[in-house]
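Undergrad: First residue of the sequence shown? That's 6 in this note's numbering, and the numbers climb one at a time after it.
C-beta atoms are modelled at their ideal positions from N, C-alpha and C, and glycine is treated no differently.
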Amino acid sequence: MALSCRGVCRGASVVLLYGKRPVGVKASLCTPRLVSTKSSLWFVRHYSPSQARHGIGRSVVSGLKWANEKYERFLQRRFPRFYALYHTFMRGQNEYMFKIITEFLTGQMCYHIGFMIFYKGFRLLFQDGKKVRRIVVCMLSEKTDYQNLHYRDMEKIRQVRRDLIKAIPLVILSIPPFANYVVFILMYLYPRQLLIRHFWTPQQLVEFQGVYHTQRAQHHWAIVKGLESTSTSVQDSRLKSRLMELCSKVRSGVHPVVSDVHAVRTLFSGPPLGIRKMYADQTRHLCPLLFLTPRLPAFWIRRRLKSHALELMQLDRAIVRLGVHQLNDAELREACYTRGLNPDRLSPGQCREWLTQWLQFSTHLKESETSLYLHCMVLLTVNYTKQPRH
């Protein structure tokens, strides 16, 4: 009996395409008859573009993992000391980066596009950034002003902005090929200057905050001396004597009370001690109190000082709305440190006492009295730990 060439070819093509005889194909060499479409649906589903994209993504990620492991073994074998440094900063980064790449290649990446995390510390910064993003979205949806936010939300925005300003130069330095190796060494040698707080250990955080406070404390007496020299140009004899008395108290180691400061507040809203009327040298001595650089033109320094002081005044009002008793110990210490007081040797009760006194002073100030706010970061802090306890 003659074989049908057409039947053989059609039957063979079905077997070749599916890899096995599909359901409904007869064993004879005649033309096959498909009694079910399940196999064709399986073929479409198995070779769909979505599955192909997932397969390519897995292949790329596997290749990257293999290359990365081989590279790390090479470093460990040939440059053991450098590998220890490399591993310190890259620990925890690779899995996260592979997760990001996988999400991108498999179509599951929504808001990660364009945002790359180069170091382990930047992961934590990214998490803070997501929190700030949620806060901003909530602000826009509810039409809430910044000054009406919850204190913790305002503080988070302030901290993330400062971290980003410090981190951006380091990221830019890491962009050129092989520049990340130099950056690793620089970060190892200068962690305080180059790394953001997410990289610091708790011990380093305390140590570095102490260093920064020592640096700003070097300007305390220059600020007090500037007030004394300016008092000679005050026309009102009553205000002049009160200002000189206030400076004498501080110099003698006495902690002034809020009423002493409020008695001279009018001098700080206009000449000679207003934020726009002070001598340039006095404004430059105030910059380290807020960790700002004094190496800028005088008009720019005044603008930055006023902006940062107004932000802290808004934070003070947010603390009053929340209540000082609602702050935990870490938040208390951070609030005191930001306002010029070193909380290292203070108990939580002392921090709460000082912050309460500070809020009594600051919440009554006007926007035009930002200069007084900045000067009191010295006047109300320098002798606080020296005052007698009852």
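1. Assign E372 to buried or exposed, taking buried as 16 or more other Cβ atoms, counted over all protein chains shown, within 10 Å of its Cβ.
2. Let me confirm a value: V165 is counted as buried when at least 16 other C-beta atoms fall within 10 Å, else exposed. Which label applies?
3. Excluding the 5 residues preceding and the 5 following F273 in the sequence, name in chain order all residues of the same chain whose CB lies nearer than 6 Å to its CB.
4. Hey, how far is the Cα of R83 from the Cα of I280?
5. What are the boundary residues of the alpha helix (DSSP H) that R357 is part of?
6. Taking buried to mean at least 16 other C-beta atoms within 10 Å of its own C-beta, is Y404 buried or exposed?
7. Is the distance from the Cβ of M159 to the Cβ of L310 below 8 Å?
8. Hey, would you say C381 sits closer than 8 Å to V266, going by beta carbons?
9. Check each candidate in P293, L295 and P299 and name the one with the smallest Cα separation from A285.
10. Taking the alpha helix (DSSP H) that S257 falls in, what are its first and last residues?
11. Could you check which residue in Q331, L327 and C356 has the C-alpha nearest to that of E339?
12. With burial defined as no fewer than 16 other Cβ atoms inside 10 Å of the residue's Cβ, what is the status of W305: buried or exposed?
13. Looking at the unbroken alpha helix (DSSP H) that takes in C341, where does it start and where does it end?
14. Can you name, in chain order, every residue of its own chain whose Cβ lies under 8 Å from the Cβ of C143, other than the five neighbours on each side?
15. Buried or exposed: where does L295 fall if 16 or more other Cβ atoms within 10 Å of its Cβ makes it buried?
16. Measure the Cβ-Cβ separation of L379 and A314 and say whether it is below 8 Å.
17. If we count the other Cβ atoms within 10 Å of its Cβ and call it buried at 16 or more, is H290 buried or exposed?
18. Mapping the DSSP letters down to three states, classify F213 as helix, strand or coil.
19. Looking at the unbroken alpha helix (DSSP H) that takes in S236, where does it start and where does it end?
20. Does DSSP put L295 in a helix, in a strand, or in coil?
21. Anyone know if the C-beta pair for V211 and D349 falls short of 8 Å?
22. Only counting the same chain, and skipping five residues up and downstream in sequence, which positions put a Cβ closer than 8 Å to that of P293?
23. So for F131, helix, strand or coil by DSSP?
24. Using the three-state DSSP reduction, which class does F84 fall into: helix, strand or coil?
25. May I ask you to report which of helix, strand or coil DSSP gives D241?
26. Check whether the Cβ atoms of K161 and I140 lie closer than 8 Å to each other.
27. Rounded to a whole number of angstroms, what is the C-alpha to C-alpha distance between P277 and V239?
TA: Taking the definition as stated:
1. Position 367 of the sequence shown, counted from the start, is the residue given in the question as residue 372. Its Cβ having fewer than 16 others within 10 Å, E372 is exposed.
2. Numbered from its first residue, the sequence shown carries residue 165 at position 160. Per the 10 Å Cβ criterion, buried.
3. Here residue 273 refers to the residue found at position 268 of the sequence shown. Only E374, S376 and L377 meet the Cβ criterion.
4. By 1-based counting over the sequence shown, the position of residue 83 is 78. By 1-based counting over the sequence shown, the position of residue 280 is 275. Distance between the alpha carbons of R83 and I280 is about 59 Å.
5. Translated into the one-based positions of the sequence shown, residue 357 becomes position 352. Unbroken alpha helix (DSSP H) run through R357: P353 to S367.
6. One cannot answer for residue 404 here, as it falls past the ends of the chain, which runs 6 to 395.
7. By 1-based counting over the sequence shown, the position of residue 159 is 154. By 1-based counting over the sequence shown, the position of residue 310 is 305. Cβ distance not < 8 Å, so M159 and L310 don't count as in contact.
8. As a working note, residue 381 is residue 376 in the sequence shown. As a working note, residue 266 is residue 261 in the sequence shown. Yes, the pair counts as a contact, with Cβ atoms nearer than the cut-off.
9. To locate residue 285, count along the sequence shown from 1; it is residue 280. Comparing Cα positions, the closest option is P299.
10. Locating residue 257 in the sequence shown gives position 252, counting from the first residue. Where S257 is concerned, there is no enclosing alpha helix (DSSP H), given that its DSSP letter is neither H nor E.
11. If you number the sequence shown from 1, residue 339 lands on position 334. For the residues Q331, L327 and C356, the minimum Cα distance to E339 belongs to C356.
12. Counting from one through the sequence shown, the residue named residue 305 turns up at place 300. It counts as exposed.
13. Taking the first residue of the sequence shown as 1, we reach residue 341 at position 336. From DSSP, the alpha helix (DSSP H) with C341 extends over D334 to T343.
14. As a first step, residue 143 must be located in the sequence shown, where it is residue number 138. Contacts found: T149.
15. Working through the sequence shown from its first residue, we reach residue 295 at position 290. The residue in question, L295, is buried, as its Cβ has 16 or more Cβ neighbours within 10 Å.
16. As a first step, residue 379 is located in the sequence shown; it is residue number 374 there, counting from the start. As a first step, residue 314 is located in the sequence shown; it is residue number 309 there, counting from the start. Cβ distance < 8 Å, so L379 and A314 count as in contact.
17. As a position in the sequence shown, residue 290 is number 285, starting the count at 1. H290 should be labelled buried.
18. Locating residue 213 in the sequence shown gives position 208, where the first residue counts as 1. Helix, per DSSP.
19. As a working mapping, residue 236 is identified with position 231 in the sequence shown. Per DSSP, S236 belongs to the alpha helix (DSSP H) from H225 to S236.
20. Here the question's residue 295 lines up with position 290 in the sequence shown. Looking at L295 - three-state DSSP - the assignment turns out to be helix.
21. Position 206 of the sequence shown holds residue 211. Position 344 of the sequence shown holds residue 349. Against a cut-off of 8 Å, the Cβ pair of D349 and V211 comes out as a contact.
22. Numbered from its first residue, the sequence shown carries residue 293 at position 288. Counting only Cβ-Cβ distances below 8 Å, and skipping sequence neighbours, we find Q220, R221, Q223, H224 and P299.
23. Here the question's residue 131 lines up with position 126 in the sequence shown. In the structure shown, F131 sits in a helix (DSSP, three-state: H, G or I).
24. Residue mapping note: residue 84 aligns to position 79 of the sequence shown, counting from 1. Correct three-state label for F84: coil.
25. Here the question's residue 241 lines up with position 236 in the sequence shown. Here D241 sits in coil by DSSP.
26. Translated into the one-based positions of the sequence shown, residue 161 becomes position 156. Translated into the one-based positions of the sequence shown, residue 140 becomes position 135. Yes, they are a contact pair.
27. Mapped onto the sequence shown, residue 277 falls at position 272. Mapped onto the sequence shown, residue 239 falls at position 234. Between P277 and V239, the C-alpha separation is close to 7 Å.
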